[in-house]
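Accompanying notes for the structure given below.
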Amino acid sequence: MTPPLNDDSERGLHVLVVSPDPALEEEFVGAMADVSMHRSLVASAPAFRSALEAARRRTPAIVFVELMAASSEVLDFLKDLREVTSSAVVVGVVPQEVTAIGRLPGADVISLMRAGVRDFVNRPLASTELRDVLDRVVVSARPESAARYGHVAAFLGSKGGVGRSALAVNVACRLAQWHADEVLLIDASLQSGACALMLDLATPTTIVDAVRERERLDRTLLRHLALRHDSGLRLLAAPSDPLEAAEVDDEAMLRIVTMAHRSFRYVIVDTGLSLDNVLMAILDATDTAWVVTQGTVPAVGACARLLPTLEGLGLPASRTRVIVNAPQPSFSGELRPVDVADRLQRDVDHVVPYDRRVGVSMNTGVPPIFSAHRWQRLGRAITGISESISSAGTTSIEADVARGRR
Ligand SMILES: Nc1ncnc2c1ncn2[C@@H]1O[C@H](COP(=O)(O)OP(=O)(O)O)[C@@H](O)[C@H]1O
Ligand SMILES: [Mg+2]
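Heads up: the sequence shown begins at 611 in the working numbering, then just goes up one per residue.
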């Protein structure tokens, strides 16, 4: 385990900046000046050889290395650096040529992290991003906290096509509008996950990368594997190839959801249909289960069977919510929410109306929640569910504080 960073005020935080570009040191000193809680002493080295010398002499607490990719030259340098100063935390600086066109490919991120890079910042350096990274590396140098931070809300349905994914995606986007970068959507509908398509996101990384890296999965890696949507939402996408889904087992899933609720304020999980070991692992880490049904007899019957099953798995009625969605236009004989409540012998918590633009959005990749003014009733229903998750989250934080879990 990495020893705590040396950032005591007497010595200051010794930082080494490795880049052929002399402007990076200046950029760094400028950004660092705004990060007042960390007094720093910055030195720089233009090449890997001189960087190793400087690291040997100065034993920096953090080394910032400008990186284009995970070339063998870079990986060799990181290995040598570790030998020279095993206690330094290494942070990759992503150059502007890369940030201008996107970000480092997921495969490079993984090899760099395997070689010891703990986090990344983008050029041009912004003091807010630098502060976040410093806070994270200072925290991650301490023993991993077991504390639960976020609220896990799983969207379940007893039947396919009731609208779990549509609701999970829209609710997650709404929450992300309120809490940018603090909401993670996990697409655990492993065989046929569609969240990435619904958000028009390419999937260079998916949940399978998190499974393959389970041993080193920490907050930083999870954030890098999660795709970023413009709304501020993060998505851990379903496997692009259904065959890969077989690699996701219950142990890996539990580790992922556990790391997710330590790292994000809200974790929304879209689930598949089968009540298998993977779903059980998700339920183990779930705070509230949102059971989606529709006004048909088979869907409500299946819902009536699912609720006691959830109770048996440790999710009593106080932690489940029932949503009656309308994935089709109303039809004669359709069960109304009041009939559903009657059959289930419990309250229906939320009712979501039919809106044909939900279907349209599946093809455009723009969730309807972003044009809420035109989506009046739907928008209100999504906001209502999001507010309930938000307040359930606050309540569970308070309960945990009372129980001494946080
Ligand atoms: N409230 C709604 N209004 C209109 N169409 C909806 C609504 N909810 C879901 N749909 C449509 O129903 C279909 C199934 O929804 P989906 O979210 O994929 O269900 P599930 O994830 O439960 O299988 C999709 O074509 C979706 O566009
Ligand atoms: Mg689905």
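We treat Cβ as the ideally placed atom computed from N, Cα and C, and that holds for glycine.
- Straight-line spacing of the CA atoms in LEU795 and LEU846 works out to 6 Å.
- Here PHE941 is exposed, its C-beta having fewer than 16 other C-beta atoms within 10 Å.
- Relative to the non-hydrogen atoms of ligand 1, the Cβ of PRO937 comes within a distance shorter than 7 Å of at least one.
- With 16 or more other Cβ atoms inside 10 Å of its own Cβ, ALA820 counts as buried.
- Distances from the CB of ASP880 to the heavy atoms of ligand 2 include at least one below 7 Å.
- At a Cβ-Cβ threshold of 8 Å, ARG865 and ARG824 count as neighbours.
- According to the DSSP assignment, GLU861 belongs to the alpha helix (DSSP H) that extends over 860-873.
- Residue pairing by DSSP places LEU634 in no beta bridge whatsoever.
- Between VAL902 and ILE933, the gap from beta carbon to beta carbon is short of 8 Å.
- Restricting attention to alpha helix (DSSP H) runs no shorter than 4 residues, the segment 709-736 encloses them at 716-724, ordered along the chain.
- Here TYR876 is near VAL793, since their CB atoms are less than 8 Å apart.
- Counting C-beta pairs with one atom in each stretch, the segment 836-851 and the segment 722-735 have fewer than three that are closer than 8 Å, which means they do not touch.
- Each residue's CA atom was taken as its position, placing ARG666 and VAL694 some 6 Å apart.
- Distance from the C-beta of MET972 to the nearest heavy atom of ligand 1 is below 7 Å.
- The closest heavy atom of ligand 1 lies less than 7 Å from the beta carbon of ASP965.
- Under the three-state reduction of DSSP, LEU800 is assigned to coil, being neither helix nor strand.
- Each residue's CA atom was taken as its position, placing LEU807 and HIS871 some 24 Å apart.
- Taking C-beta atoms under 8 Å as the contact rule, ASP897 and HIS761 qualify, at a distance of about 5 Å.
- When rounded, the separation of the alpha-carbon atoms in ILE999 and ASP859 is 27 Å.
- With a beta-carbon spacing of about 7 Å, ALA909 and SER768 fall inside the 8 Å limit used to define contacts.
- Around ALA776, the same chain offers VAL968 as residues with beta carbons nearer than 7 Å, after the five sequence neighbours per side are excluded.
- Look at ALA804: its beta carbon is less than 7 Å from one of the heavy atoms in ligand 2.
- Between the alpha carbons of ASP952 and LEU714 lies a distance of about 53 Å.
- In the DSSP assignment, GLU676 falls within the beta strand (DSSP E) that extends over 672-676.
- If you check the CB distance, GLU676 and SER721 do not come in under 8 Å.
- For the set GLN706, VAL907, THR813, ALA671, the Cα lying nearest the Cα of SER697 is the one of ALA671.
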